[in-house]
Structure formats: C-alpha cells, structure tokens
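One structure is given below, encoded as structure tokens.
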Amino acid sequence: MKKRQEAKLDEASVKNFGDYEVIVPKHNLRTYVHKVDGPDDGFGGIDPEAIERAEAALAQLAAEFDGWMEKEVERLVTARDAAAAHGLTAENRTALFSAAHDIKGEATTFGYPLASRAAESLTALLLGIEDAKLLPWPLVSQHVDAIRAIVREEAKGEDHPVALELVEKLVLLSTETLVDVTGVPPLSP
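Right, here's the structure in full:
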C-alpha cells in the first residue's frame, strides 16, 4: 500500500473546480527536505543543505525577476490605458485590479517592495470605491505611473528616497480619498 501512495506523489494531477483548474505538481517538497537527527540544531529539524539548495535555485531565478516584473507592469499600463480610452467598464476594472493585485503579491519577491505597496494602495482604491464616477482617475493613473517608474528606475528595496516618498504620498492620498468617499479607510494602508 505504501508504494502505491508514493507513486501517487510522483504523478502530477489536475483538479477541476468549475471555472478554474489546480495543477498539483509532480513532486512533493517533503521528498526533498529531510529531518535532521539529533538535538535541536536551530533550523527546526530541517536539513540546512536543503535550504541552501532552495536559496541557490531562487538565486538562479532572480536574474529573470526584472523581466517578469516588466511584463507585469506592461500588463498594468495596458489595463490602465484601456480603461482610460474606453471607460472603467466592469471588464476594464477587473483587468486593472487583477494586474495591480498580481504586482502587489509578486513585487516584493521580485525585489520591488515599494511597487508592491503602491499596487496595494491601488487595489484598495479599486475595491473601496465601487462607483466609477467617484473613483479619482488621476490618482489611479498616478499609482500606475509610480509603479512603472519604480520598476524602470530599478528602485529596489525599501530605502530608495524618491520612490519611498512617492509611495507614502500615494498611500496617504488613497487613504484620505477612501475616507472621504466611503467614510472608512482601507483595511491596510
């Protein structure tokens, strides 16, 4: 029975959930992480070599991060431009929100935490103000331009003074706008 269970772990599978699918990878990470025998080693019982291998793999991918980030920013700019040209329809709003939400989740991993904060502020605006007529389009557009500038100028980390000041101003303006329009601030500034 145990061999049959192990064989299932080595096979990729696809689970359908109506309008989306989840691909379960071929390998389970637990097969690559080994418990360390003996007293507590400060690593919580995880093989430090496994951590080093994972960090090395991440370092190899890091060279591609900037390219991925540029593609995400391009998608955000395209969504903003479509909404500006054709109005903030439900479809355009969804595309803009999706692009901003993806950047919010990925930018820190790609080395752009300030772009992530700007994207978080943008998603808060898009979620918080449902009526397109009340959504301050210049502020939305400024968020997109700020994210694009942060990535273009490679303002990595959290200590780039111009990018930090820009993001802090955008977050402040978004918070004030949400309070003015809805009466409540975003859940996380």
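According to my numbering, the sequence shown is numbered sequentially starting from 1. Virtual Cβ for every residue (Gly too), placed ideally from N, Cα, C.
(request) Classify Lys104 as helix, strand or coil using the three-state DSSP reduction. (result) Looking up residue 104 in the sequence shown gives position 104. The answer is helix: DSSP assigns Lys104 an H, G or I state.
(message) Just verifying my parser: in three-state terms, what is the DSSP assignment at Lys133?
(response) Along the sequence shown, read from residue 1 onward, the residue named residue 133 stands at position 133. Looking at Lys133 - three-state DSSP - the assignment turns out to be coil, as it is neither helix nor strand.
(message) Once DSSP output is grouped into helix, strand and coil, what is the label at Lys15?
(response) Looking up residue 15 in the sequence shown gives position 15. For Lys15, the three-state secondary structure derived from DSSP is strand.
(request) Report yes if the C-beta distance between Val167 and Met69 is below 7 angstroms; otherwise report no. (result) In the sequence shown, residue 167 corresponds to position 167, counting from 1. In the sequence shown, residue 69 corresponds to position 69, counting from 1. Taking 7 angstroms as the cut-off, the beta carbon of Val167 is found no closer than this to the beta carbon of Met69.
(message) Quick check on this structure: which residue in Pro161, Thr123, Ala115, Pro48 has the alpha carbon closest to the alpha carbon of Ser174?
(response) Stepping through the sequence shown from its first residue, residue 174 is reached at position 174. For the residues Pro161, Thr123, Ala115, Pro48, the minimum Cα distance to Ser174 belongs to Thr123.
(request) Counting only the same chain and skipping the five closest in sequence on each side, list residues whose C-beta sits under 6 angstroms from that of Leu125. (result) Numbered from its first residue, the sequence shown carries residue 125 at position 125. Excluding its 5 nearest sequence neighbours in each direction, Leu125 has C-beta neighbours in its own chain below 6 angstroms: Ser174, listed in chain order.
(message) For Gly128, count the other beta carbons within 10 Å of its own beta carbon; 16 or more makes it buried, fewer makes it exposed. Which is it?
(response) In the sequence shown, counting from the first residue as 1, residue 128 sits at position 128. Its Cβ being crowded by 16 or more others within 10 Å, Gly128 is buried.
(request) Specify whether the region 71-86 and the region 145-163 touch according to this definition: at least 3 beta carbon pairs, one from each stretch, less than 8 angstroms apart. (result) Cβ pair count under 8 angstroms is three or more, so yes.
(message) Please report the straight-line C-alpha distance between Gly87 and Glu165, rounded to a whole angstrom.
(response) Sequence index remark: in the sequence shown, residue 87 carries index 87 (1-based). Sequence index remark: in the sequence shown, residue 165 carries index 165 (1-based). Going by the C-alpha atoms only, they are around 30 angstroms apart.
(message) Given a cut-off of 7 angstroms on the beta-carbon distance, is the pair Glu120 and Lys104 in contact?
(response) In the sequence shown, the residue the question calls residue 120 occupies position 120. In the sequence shown, the residue the question calls residue 104 occupies position 104. Result yes, Cβ atoms of Glu120 and Lys104 sit closer than 7 angstroms.
(message) DSSP three-state label for Leu88, please.
(response) Translated into the one-based positions of the sequence shown, residue 88 becomes position 88. Coil, per DSSP.
(request) Can you grab the Cα-Cα spacing for the pair Pro161 / Lys15, in whole Å? (result) In the sequence shown, the residue the question calls residue 161 occupies position 161. In the sequence shown, the residue the question calls residue 15 occupies position 15. If you draw a straight line from the Cα of Pro161 to the Cα of Lys15, it comes to about 46 angstroms.
(message) Along the chain, where does the alpha helix (DSSP H) containing Val162 start, and where does it finish?
(response) Along the sequence shown, read from residue 1 onward, the residue named residue 162 stands at position 162. For Val162, the uninterrupted alpha helix (DSSP H) segment begins and ends at 161-182.
(message) Among Val171, Ala95, Glu64, Ala57, whose alpha-carbon lies nearest the alpha-carbon of Thr78?
(response) Residue 78 sits at position 78 when you count from the first residue of the sequence shown. It is Ala95.
(request) Give the secondary structure of Pro185 by DSSP, where H, G and I count as helix, E and B as strand, and everything else as coil. (result) As a first step, residue 185 is located in the sequence shown; it is residue number 185 there, counting from the start. In the structure shown, Pro185 sits in coil (DSSP, three-state: anything other than H, G, I, E or B).
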